[in-house]
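**Q**
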Amino acid sequence: MDLAGELEGRPPRAPRPRRPWLWALGGAVVASAVWGGALFAYERGRDDGVDIKGYAVGADLCQKVRLKALTAAIGERERENDPVRWDDRNSTLDRARCTVGIQSAEEKAKAEKEKSSLSYSVGLSAALHKVTDPGPEFRATLSKNDWYVDQKSKVEEVPGLGDEAYMVTTNDGNAGIPELRVRDGSAVFTLNVDISMNSYGDMEAAGPKPPSTAEMAALQPAMIEDMRAMMAALKK
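Numbering (the numbering used here), first residue to last: -12 to 223.
1. Does DSSP put Lys222 in a helix, a strand or coil?
2. Rounded to whole angstroms, what is the Cα-Cα separation between Lys40 and Glu65?
3. With a floor of 3 residues, list each beta strand (DSSP E) that falls wholly inside the segment 68 to 117, ordered by position along the chain.
4. State the start and end residues of the unbroken alpha helix (DSSP H) segment that holds Ala60.
5. Buried or exposed: which applies to Val118, given that a residue is buried once 16 or more other Cβ atoms fall within 10 Å of its Cβ?
6. Could you name each continuous beta strand (DSSP E) segment of 3 residues or more that falls completely within the segment 140 to 217, going from the start of the chain to the end?
7. Please determine, among Leu206, Ala43 and Thr157, the residue with the shortest C-alpha to C-alpha distance to Asn77.
8. Take Arg170 as the anchor and find which of Ser140, Val109, Glu144 and Ala46 has the nearest alpha-carbon.
9. Between Glu93 and Leu105, is the Cβ-Cβ spacing less than 7 angstroms?
10. Does the separation of the CB atoms of Pro198 and Ala174 fall below 7 angstroms?
11. Any beta carbon of chain D sitting closer than 7 angstroms to that of Ala43?
12. What does Glu63 pair with, by DSSP beta-bridge criteria?
13. In chain order, what residues of the same chain lie with their CB nearer than 7 angstroms to the CB of Met184, ignoring the 5 residues before and after it?
14. So is Ser140 buried or exposed if we call it buried at 16+ other beta carbons inside 10 Å?
15. Pick from Leu206, Asn132 and Phe176: whose alpha carbon is nearest that of Lys222?
16. Kindly give me the distance between the Cβ atoms of Ser103 and Arg84, rounded to whole angstroms, as I take these residues to be in contact under 8 angstroms.
17. Using a Cβ-Cβ cutoff of less than 6 angstroms, which residues in the same chain neighbour Thr156 once the five nearest sequence positions on both sides are dropped?
18. Taking a contact to mean a Cβ-Cβ separation below 7 angstroms, would you say Ala220 touches Lys51 in this structure?
19. With a threshold of 16 other CB atoms inside 10 Å of the CB of Ala209, please say whether the residue is buried or exposed.
20. If we ignore side chains and look at the alpha-carbon of each, how far apart do Arg53 and Pro123 end up?
21. Is the beta carbon of Ala56 less than 7 angstroms from the beta carbon of Asp213?
22. Return the chain-ordered list of same chain residues with a C-beta closer than 8 angstroms to the C-beta of Thr58, the five sequence neighbours on each side being excluded.
23. Taking 7 angstroms as the cut-off, decide whether the C-beta atoms of Asp81 and Ala46 are in contact.
24. Go through its chain and collect everything with a Cβ distance to Lys97's Cβ below 6 angstroms, but skip five positions before and after it.
What follows is the structure, encoded as structure tokens:
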């Protein structure tokens, strides 16, 4: 018998199909690896104490925050230079700042007639820390003010706002500058109110009368209300 000849004359065998369970097993291994990586990243972020709590910070900070409470207490937003803004975003930290002017109708009339007026400047800032926990630094710098480094600040806790919140009032030689500082997870927010006393023309003429300490302190409830609105507006 010519066995070699018979083997050469046979048609080649069709390749065996792969077993379905091998494909399924391979998919399960890949899915397990992806899930494991995601779980590791989540656990690492949680262990580091970083929780952005759904906040997102962009360049449109003062457009999103309308300051309804402060405008009701003081006057209308000024359209000139409204708002002055700055933002910076990278892989570890997103930041945004802006400033809005507010002036009462009475002070606007004074500016036209008496060439002097009083206006308020509201500064907003938001910082989203995506890698490190800002808590220790936030608490360590509560009594500090970047503009009045030699002045002491009064620090009062504000309950029920974020994870921790404080009203910090800095002595500026007049009625004091109140600034509300809030930390919620890894997000830090500030809202401050400053005054601008403007005189036009005769430099020796009496300028506008600055607000009293009591008048500035009376703005604090409106600041807290607008801070709540800002935090809600910056949720994704």
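Backbone N, C-alpha and C define an ideal beta-carbon position, used for all residues, glycine too.
**A** According to the structure shown:
1. strand
2. 33 angstroms
3. 71 to 76, 80 to 90 and 103 to 116
4. Lys55 to Ala60
5. exposed
6. 140 to 144, 151 to 157, 164 to 171 and 174 to 186
7. Ala43
8. Glu144
9. no
10. no
11. Within the model displayed, chain D is absent; a lone protein chain is all it includes.
12. Gln90
13. Leu105, Gly194, Pro195 and Pro197
14. buried
15. Phe176
16. In fact, because the Cβ distance is near 29 angstroms, the residues do not count as touching under 8 angstroms.
17. Lys141, Gly163 and Pro165
18. yes
19. buried
20. 30 angstroms
21. yes
22. Arg64 and Ile89
23. no
24. Ser104
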